[in-house]
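Take a look at the structure below.
In the UniProt record's numbering, the protein residues as written are 1 to 161.
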């Protein structure tokens, strides 16, 4: 009985789902959403960096390394940061939907997994745009994540055929 259930799992797609979910749950929910929420309710020195002001200092500090990024992005931080948080949470939410719909099983189309990979690529592109203009060090890993995201989308599409 247990062996039949294991055979139903699509081990080809599970690593992609785990990667997308783990990366964006950490960067969106844990770092940004929960970090800001906890820092708002429990303002201590230990979680000062996770507060709204802590993220503002870090993010605008990177943007301010470039005159162009400083002019374009820094004045709009209070509007852009909630959008960044929402965008970073989106791929994890879509993967959760994919898991609920059973897309980790053989014979299931990975519709939501594909959407999560596309959302991940979009979020990475948005972040990469701002970080590249600013010349920030985060741009380096974002370029790698962008390439990985493209490969991931091709991989998911090849599995869906």
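No residue lacks a Cβ here, since even glycine has one placed at the ideal position from N, Cα and C.
Got a sec? Which residues, its chain only, sit under 8 Å from residue 58 by beta carbon, not counting five neighbours each side?
Indexing the chain shown from 1 puts residue 58 at position 58. Excluding residues within five positions, the ones whose Cβ falls inside 8 Å are 49.
So, are the CB atoms of residue 110 and residue 156 less than 8 Å apart?
Against the chain shown, residue 110 aligns to sequence position 110. Against the chain shown, residue 156 aligns to sequence position 156. For residue 110 and residue 156, yes; Cβs fall inside 8 Å.
To the nearest angstrom, how far is the alpha carbon of residue 73 from that of residue 17?
Here residue 73 is taken as the residue at index 73 of the chain shown, counted from 1. Here residue 17 is taken as the residue at index 17 of the chain shown, counted from 1. The alpha-carbon atoms of residue 73 and residue 17 are separated by roughly 32 Å.
Report the rounded CA-to-CA distance for residue 121 versus residue 33, giving the unit in angstroms.
To locate residue 121, count along the chain shown from 1; it is residue 121. To locate residue 33, count along the chain shown from 1; it is residue 33. About 20 Å.
Could you spell out the range, first to last residue, of the alpha helix (DSSP H) harbouring residue 16?
Numbered from 1 along the chain shown, position 16 holds the residue referred to as residue 16. Per DSSP, residue 16 belongs to the alpha helix (DSSP H) from 14–24.
Beta-carbon separation of residue 21 and residue 95 under 8 Å?
In the chain shown, counting from the first residue as 1, residue 21 sits at position 21. In the chain shown, counting from the first residue as 1, residue 95 sits at position 95. Yes, the pair counts as a contact, with Cβ atoms nearer than the cut-off.
Mind listing, in chain order, the continuous alpha helix (DSSP H) runs of no fewer than 4 residues lying wholly within the segment 26–114?
Qualifying alpha helix (DSSP H) stretches, in chain order: 35–41, 52–63, 67–72 and 77–100.
Where does the unbroken alpha helix (DSSP H) through residue 157 begin, and where does it stop?
As a working note, residue 157 is residue 157 in the chain shown. That run of the alpha helix (DSSP H) goes 138–160.
Compute the distance between the beta-carbons of residue 65 and residue 135, then report whether it is under 8 Å.
Counted from its first residue, the chain shown places residue 65 at position 65. Counted from its first residue, the chain shown places residue 135 at position 135. The answer is yes: Cβ separation under 8 Å.
Please name the residue, chosen from 55, 99, 127 and 154, that lies closest to residue 35 on a Cα-to-Cα basis.
Reading the chain shown from its first residue, position 35 is the one you call residue 35. It is 55 whose Cα lies nearest to the Cα of residue 35.
With 16 other CB atoms within 10 Å as the buried threshold, where does residue 75 fall?
Position 75 of the chain shown, counted from the first residue, corresponds to residue 75. It is exposed - the Cβ of residue 75 has fewer than 16 other Cβ atoms within 10 Å.
With distances taken between CB atoms, is the gap from residue 113 to residue 98 smaller than 8 Å?
For the purposes of this step, residue 113 is taken as the residue at position 113 of the chain shown. For the purposes of this step, residue 98 is taken as the residue at position 98 of the chain shown. Going by C-beta atoms, residue 113 is nearer than 8 Å to residue 98.
My guess is that residue 145 and residue 124 are in contact by the Cβ rule of under 8 Å, so how many angstroms apart are they, rounded?
For the purposes of this step, residue 145 is taken as residue 145 along the chain shown, with counting starting at 1. For the purposes of this step, residue 124 is taken as residue 124 along the chain shown, with counting starting at 1. That belief holds up - the Cβ atoms of residue 145 and residue 124 are roughly 5 Å apart, short of 8 Å.
So which of 39, 37 and 107 has the shortest CA-CA distance to residue 161?
Translated into the one-based positions of the chain shown, residue 161 becomes position 161. Comparing Cα-Cα distances from residue 161 to each of 39, 37 and 107, the minimum goes to 107.
With C-beta atoms as the reference, is residue 119 less than 8 Å away from residue 90?
Here residue 119 corresponds to residue number 119 of the chain shown, with the count starting at 1. Here residue 90 corresponds to residue number 90 of the chain shown, with the count starting at 1. Their beta carbons are under 8 Å apart, which means residue 119 touches residue 90 by this criterion.
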